[in-house]
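What follows is a short report on a single structure.
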């Protein structure tokens, strides 16, 4: 009888592991054979948090920092939660390679299209960058944008180069990795909904969605300007996954929101305050402090998502505003990159935060009251 019970227990364990592996396969995870028991537990935990439950923010109430109300504020489309479900899979294409080159020239034609070339044409042009160090392969970008002009693709690549330029200044160019991204812009909501559903996502209240397993992003066309911002946002998720690995949601979404409003003036890359959350250089949305955001990673699909996006953007903008903040970001990003399969805990993040900013609450409240200024790189 004892042997019979032992067989039942053995079969139960085998079925448990088998079901975990099946779930593992369909979520795009690479199984960690060095810690099989821990990996099985993580798989079941990931499946568990996707089930409807009482929002964490209700059981642990948070007090937002109040900002002036604005009647003109309209909630933006939420972005996909897909990037927060990324698993321990290296989706990068290796290290970025560089070579020394000559000048880059830029000009605008009669149709208003901006061009860039390393060959100087036979008419007056401006020098975009002098004696530049050309990245040979920041990314392998496959753009499917049939309803948009070629200039859209050119502008998007320039904006994504800005992301790599900024990341290189924060963590060092040696820490960058090449990124592969398949990006498709769908012509209407119906086509977008079908594409997202076919890939296992939920298109409700989203304008774009990134799928880590295939390094693919799908975007609903909503005018060239809005589509560009969404394209940058989703591409940043792919860059974060390849360069940093599995990251906290506030960091992932904060950087994606941060880079939405970028442009270039000759050799200078400029990041403007995100106009979704800022009017007249002031926040129009209540935000949470970073030391509270670090503990809300699993509440994005349950709480006030617009507040979480605004708070994440504000946190990144605050940190990018000073050398001390960038140093903290460097430490966080390199720590995440060193252990790409796991996110830093709330305790670890807050310890790093208050070590760098001992009077963080005072500093942050004071910063929020001051006008926001563009960042130049």
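Numbering (my numbering), first residue to last: 1194 to 1570. Don't be surprised by glycine CBs; every beta carbon is placed ideally from N, CA and C.
My understanding is that residue i touches residue j, with C-beta atoms under 8 Å, so please give their C-beta distance in whole angstroms.
i	j	result
residue 1161	residue 1385	Past the boundaries of the shown model lies residue 1161; the chain is included only from 1194 to 1570, so the question cannot be answered.
residue 1429	residue 1356	6 Å
residue 1415	residue 1375	Between residue 1375 and residue 1415 the Cβ distance is about 20 Å, and since that is not below 8 Å, they are no contact.
residue 1545	residue 1524	6 Å
residue 1549	residue 1517	6 Å
residue 1568	residue 1513	6 Å
residue 1334	residue 1350	7 Å
residue 1467	residue 1454	6 Å
residue 1570	residue 1362	6 Å
residue 1400	residue 1413	5 Å
Express the C-alpha separation of residue j and residue i in angstroms, rounding to a whole number.
i	j	result
residue 1464	residue 1358	12 Å
residue 1423	residue 1553	31 Å
residue 1388	residue 1345	21 Å
residue 1367	residue 1360	11 Å
residue 1530	residue 1420	30 Å
residue 1492	residue 1474	28 Å
residue 1511	residue 1485	15 Å
residue 1314	residue 1302	12 Å
residue 1352	residue 1425	7 Å
residue 1341	residue 1411	15 Å
residue 1487	residue 1440	11 Å
residue 1339	residue 1382	16 Å
residue 1505	residue 1407	26 Å
residue 1373	residue 1405	11 Å
residue 1470	residue 1402	21 Å
residue 1490	residue 1316	54 Å
residue 1461	residue 1563	24 Å
residue 1557	residue 1519	15 Å
residue 1472	residue 1565	10 Å
residue 1457	residue 1507	22 Å
residue 1204	residue 1336	48 Å
residue 1276	residue 1201	Only weak support exists for where residue 1276 lies, its pLDDT of 41 falling under 50; the value from the coordinates is given anyway. Roughly 39 Å separates the two Cα atoms.
residue 1293	residue 1543	Low per-residue confidence applies at residue 1293: pLDDT is 48, beneath 50, and the placement is therefore not dependable enough to give any value.
residue 1522	residue 1551	16 Å
residue 1509	residue 1208	44 Å
residue 1605	residue 1452	Outside the displayed range of the chain (1194 to 1570) lies residue 1605, so it cannot be described from this structure.
residue 1528	residue 1437	9 Å
residue 1495	residue 1417	31 Å
residue 1380	residue 1396	15 Å
residue 1483	residue 1364	21 Å
residue 1559	residue 1515	14 Å
residue 1427	residue 1547	30 Å
residue 1239	residue 1394	Note that residue 1239 scores a pLDDT of 42, beneath 50, so its modelled location is shaky; the value from the coordinates is reported in the next line. For residue 1239 and residue 1394, the distance between alpha carbons rounds to 16 Å.
residue 1299	residue 1500	39 Å
residue 1390	residue 1398	13 Å
residue 1571	residue 1561	The displayed coordinates of the chain run from 1194 to 1570. Any statement about residue 1571 would go beyond what the structure contains.
residue 1343	residue 1304	12 Å
Based on the DSSP secondary-structure assignment, which residues constitute the bridge partners of residue i?
i	result
residue 1403	1410
residue 1456	1463
residue 1333	1373
residue 1568	1464
residue 1472	1475
residue 1378	1412
Output yes if chain B places a C-beta closer than 8 Å to the C-beta of residue i; else output no.
i	result
residue 1523	In summary, chain B is missing from the structure at hand, where a single protein chain is found.
Segment contact flag, the segment 1472 to 1479 with the segment 1531 to 1538, C-beta cutoff 8 Å, min 3 pairs
Contact check between the segment 1472 to 1479 and the segment 1531 to 1538: fewer than three CB pairs, one atom from each, fall below 8 Å, which does not count as touching.
With three or more beta-carbon pairs closer than 8 Å as the criterion, would you say the segment 1422 to 1435 touches the segment 1443 to 1463?
Remark: three or more beta-carbon pairs, one from each stretch, lie closer than 8 Å, so the segment 1422 to 1435 and the segment 1443 to 1463 are flagged as touching.
Of all the alpha helix (DSSP H) runs that stay within the bounds of the segment 1339 to 1373, which reach a length of 4 or more residues?
Whole alpha helix (DSSP H) segments, 4+ residues: 1343 to 1364.
Let me know the alpha helix (DSSP H) ranges lying completely inside the segment 1505 to 1566, each 4 residues or longer, listed in chain order.
Listed in chain order, they are 1516 to 1531, 1539 to 1549 and 1553 to 1562.
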